[in-house]
């Protein structure tokens, strides 16, 4: 189950990326977020969003096993987040791996390809997401003391930097 490869996304990957994004968020945050959140965050809305993102020329990295996208990552230049100025010039904006593929090194491969080890960067994650926090800590990302409540979800976020 570890036979995967990482490549740059194309606009044709929107459906596969959206499926990983939605499935992973449901698995990780299904009970953390209120039911009303899932009325608007559907697989359809995720797919439409990724179609727009990729059609606009934005790129992600995708991990594939066979012809199935099992994970993806995206970085962007950092900007203000909920009123906080950036701590680093680069932000890991997304990194999701289908829960069925946790433990296969897909996440590590995506992270190392999008932000090689030692690259100064920042990211935001839910404070109550221990799996992600442990994963990023092993890669050198640590909290810098900045937190903020996500106005869309009411969940506390923490900024991690390396």
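Numbering (full-length UniProt numbering), first residue to last: 1 to 162.
C-beta atoms are modelled at their ideal positions from N, C-alpha and C, and glycine is treated no differently.
Quiz item: Over what stretch of residues does the alpha helix (DSSP H) that includes residue 135 continue unbroken?
Solution: 130-138
Quiz item: Nearest-angstrom Cα distance between residue 48 and residue 60?
Solution: 16 angstroms
Quiz item: Beta carbon of residue 19, beta carbon of residue 54: below 8 angstroms?
Solution: no
Practice problem: Output the distance between the C-alpha atoms of residue 156 and residue 11, rounded to the nearest integer angstrom. | Solution: 32 angstroms
Quiz item: With distances taken between CB atoms, is the gap from residue 158 to residue 125 smaller than 8 angstroms?
Solution: yes
Quiz item: At what residues does the beta strand (DSSP E) containing residue 149 begin and finish?
Solution: 142-149
Self-check item: Euclidean distance between Cα positions of residue 135 and residue 79
Solution: 23 angstroms
Practice problem: Kindly indicate which three-state DSSP category residue 110 falls into: helix, strand or coil? | Solution: helix
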